[in-house]
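*Asks:* I am attaching a structure below and will ask some questions about it afterwards.
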Amino acid sequence: MRVYAISDLHTDFRENRAALERAGLAGHRDDALIVAGDIADNESVVRETLTWLAGRFREVFFVPGNHELWVRGEDRDSMDKFHAVLRLCDQAGVRTTPARVGGVWVVPLFSWYDADFDVRGEGVADELEAWSDRYFCRWPAHVTRVDQAFLQMNEPHVRRYDAPVITFSHFVPRPELLPPTRYLRFKGLPLVAGSLGIESQIRRIQPRVHVFGHTHIPEDRVVDGVRYVQHYFRRPAADDTQSPLKLVWTDDAPPAEPLFC
Ligand SMILES: [Fe+2]
Ligand SMILES: [Fe+2]
């Protein structure tokens, strides 16, 4: 079994959808794919993209990102939409709960961000004026900490497994994985990037690999014995035939060694 990873497909951009279709992704009928959130806010686009992927892989795993939970001009709230997206995944044959694929478990972790993640205190709150989630997400009144509400849903799956594990989340699990704010174009990012609670759950599961997305900043390094990978979808040039996916696991050989930092 080979396990591939990608995040942030954003196929509501026509150019991204065309590039994904051009990539074809043939030859993966015996492989699994992790999609770490942010396909689109439009449910039809999410369904279409996941159905297309599910037809090409033996297993596809997905967690909603922030874009899936936008409720622009809708009556329902973002939590309603979250559950609607999970139902959609079910109908498309896409997994949102743990499953063993060959010799490895893949464990999806739902998440959201919280300002506590900005442990260096570098995030610039004024820059969040233009942060779309502020306007396009709406939470039920009883949800006071959105990140905790999602982490709570993971609890039944936070345990040790009987084989190596790959966990994945949309949001960033550790502050070390975010570059210092002086290198960021969007200085508000540390406030809306991740949640320390994801890392607490990772520590309890002890995976070999954790895949994440959201920041659109590539990453592949080992911290405290876990290989953290972000491989967001970068639209390839029309004549580029390289796969847009990243291989993160094979049963036959240990995963490619990333740089130790
Ligand atoms: Fe994204
Ligand atoms: Fe995101």
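Note that the sequence shown ends on residue 254 in my numbering; no numbers are left out. Even for Gly, the Cβ is constructed at its ideal location relative to N, Cα and C.
1) Roughly how far, in whole angstroms, is the beta-carbon of F205 from the beta-carbon of H150, given that I think they are within contact range, below 8 angstroms?
2) Got a sec: does ligand 1 put a non-hydrogen atom nearer than 7 angstroms to the Cβ of D126?
3) Could you pull out every unbroken alpha helix (DSSP H) segment of at least 4 residues lying fully inside the region 106 to 164, listed in chain order?
4) Give me, in chain order, the residues of the same chain whose beta-carbon lies closer than 8 angstroms to that of F253; leave out the 5 immediate sequence neighbours on both sides.
5) Alpha carbon to alpha carbon, how far is R178 from H209?
6) Does the distance from the CB of I191 to the CB of L102 come in under 8 angstroms?
7) Here's a check: name, in chain order, each residue in its chain whose Cβ is nearer than 6 angstroms to the Cβ of L144, leaving out the five neighbours to either side.
8) Can you check which of these residues, D217, V136, F50, is closest to A(-2) by C-alpha distance?
9) Rounded to a whole number of angstroms, what is the C-alpha to C-alpha distance between D73 and Y128?
10) Going along the chain, which residues put their C-beta within less than 5 angstroms of some heavy atom in ligand 1?
11) For the alpha helix (DSSP H) containing Q84, list its first residue and its last residue.
12) Alpha carbons only, please: which of D140, D233, S236 is nearest the one belonging to V185?
13) Over the uninterrupted alpha helix (DSSP H) stretch that includes E14, give me the two end residues.
14) In angstroms with no decimal places, state the Cα-to-Cα distance between V112 and G187.
15) State the beta-bridge partners of T208 as determined by DSSP.
16) Quick one: give me the first and last residue of the beta strand (DSSP E) that A92 is part of.
17) For the beta strand (DSSP E) containing V64, name the first residue and the last one.
18) Compare the beta carbon distance of A156 and V97 with 8 angstroms and say whether it is the shorter of the two.
*Replies:* Concretely, from the data shown:
1) Not a contact, Cβ separation roughly 17 angstroms.
2) no
3) 126 to 129, 139 to 147
4) Because F253 sits at a pLDDT of 49, beneath the cut-off of 50, its placement in the model cannot be relied upon, and the following sentence gives the value as read from the coordinates. R214, V215, listed in sequence order.
5) 12 angstroms
6) yes
7) G190
8) F50
9) 17 angstroms
10) D1, D31
11) 71 to 85
12) D140
13) 7 to 16
14) 11 angstroms
15) The partner list for T208 (beta bridge, DSSP) is empty, contrary to what the question assumes.
16) 92 to 94
17) Segment: none, V64 is in no beta strand (DSSP E) and carries neither H nor E.
18) yes
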